[in-house]
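Q:
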Amino acid sequence: MNYSENALNVAKQLFMKKGEDVKLLKVDHLTILADYFLIVSGRSDVHVKSLCDDIEKLMESQGRQRLRIEGYRQGRWIVLDYGDMLIHIFHKSEREFYDLERLWIDGDNCIEITDDMVMA
Numbered sequence: 002m003n004y005s006e007n008a009l010n011v012a013k014q015l016f017m018k019k020g021e022d023v024k025l026l027k028v029d030h031l032t033i034l035a036d037y038f039l040i041v042s043g044r045s046d047v048h049v050k051s052l053c054d055d056i057e058k059l060m061e062s063q064g065r066q067r068l069r070i071e072g073y074r075q076g077r078w079i080v081l082d083y084g085d086m087l088i089h090i091f092h093k094s095e096r097e098f099y100d101l102e103r104l105w106i107d108g109d110n111c112i113e114i115t116d117d118m119v120m121a
């Protein structure tokens with residue numbers, strides 16, 4: 002699978018900010034909603050919001066305009082819509098319950114961000 006440089010950079014940024022279980026899914030062949038789903042977990046409501054804030058700053062610095070945001074106030078499951086990419090930032094328990102990966106993984110369309118990828 003070919004992943005865009007922007008999607009990979011955002012995934013790596015979430016990993017560096019201590020996001021847990023960062024996964025990037027290429028879903029353009031499964032839906033018209035977006036080309037990529039980026040899924041990450043935070044350890045607390047505050048951490049989930051902090052990850053969201055960091056990504057918004059990164060995307061803004063790259064000239065990317067957010068189209069929509071949902072869930073920020075509660076800090077349990079935040080969705081950021083950037084048109085080609087939907088970023089799902091979950092509190093751990095919500096991620097386990099909804100299990101988006103199960104719904105959207107289709108063969109080799111998922112990569113997990115690891116230390117090796119970030120350090121390369």
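Counting in our numbering, the sequence shown runs from 2 upward without gaps.
Using N, Cα and C, we set each Cβ at its ideal position, and we do this for glycine too.
Considering only residues of the same chain and omitting the five flanking positions on each side of K18, which have a CB-CB separation below 8 Å?
A: Answer for K18: S51, L52 and D55, listed in chain order.
Q: Only counting the same chain, and skipping five residues up and downstream in sequence, which positions put a Cβ closer than 7 Å to that of W105?
A: If we look at W105 and ignore the five residues flanking it on each side, its Cβ neighbours are L26, V28, L31 and F38.
Q: Is there contact between the region 72 to 91 and the region 106 to 119, where contact requires at least three CB pairs shorter than 8 Å?
A: Because the criterion of three Cβ pairs below 8 Å is not met, the region 72 to 91 and the region 106 to 119 do not touch.
Q: Quickly, what does DSSP pair V124 with across the bridge? List them, please.
A: As shown, the chain starts at 2 and ends at 121. That puts residue 124 outside it, with no answer to give.
Q: Please determine, among H48, D116, E61 and R65, the residue with the shortest C-alpha to C-alpha distance to I79.
A: When only C-alpha atoms are compared, the closest one is H48.
Q: Let me confirm a value: M2 is counted as buried when at least 16 other C-beta atoms fall within 10 Å, else exposed. Which label applies?
A: For M2, the pLDDT reaches just 48, beneath the cut-off of 50, and the residue's location in the model is therefore unreliable, leaving the point undetermined.
Q: With distances taken Cα to Cα, identify the nearest neighbour of D167 among V11, I40 and E71.
A: What the structure shows of the chain is the stretch from 2 to 121, and residue 167 is not part of that stretch, so it cannot be assessed.
Q: So, is R74 buried or exposed, given that buried needs 16 or more other C-beta atoms within 10 angstroms?
A: Classification of R74: exposed, given that the 10 Å Cβ count is below 16.
Q: Would you kindly work out how many angstroms separate the C-alpha atoms of M120 and K24, rounded to a whole number?
A: Their Cα atoms are separated by approximately 17 Å.
Q: State the Cα-Cα distance for the pair I88 and I114, rounded to the nearest angstrom.
A: Computed Cα separation, rounded: 14 Å.
Q: Considering Cα atoms alone, identify which of S94, L68 and Y99 is closest to A35.
A: A35 has its Cα closest to that of L68, out of S94, L68 and Y99.
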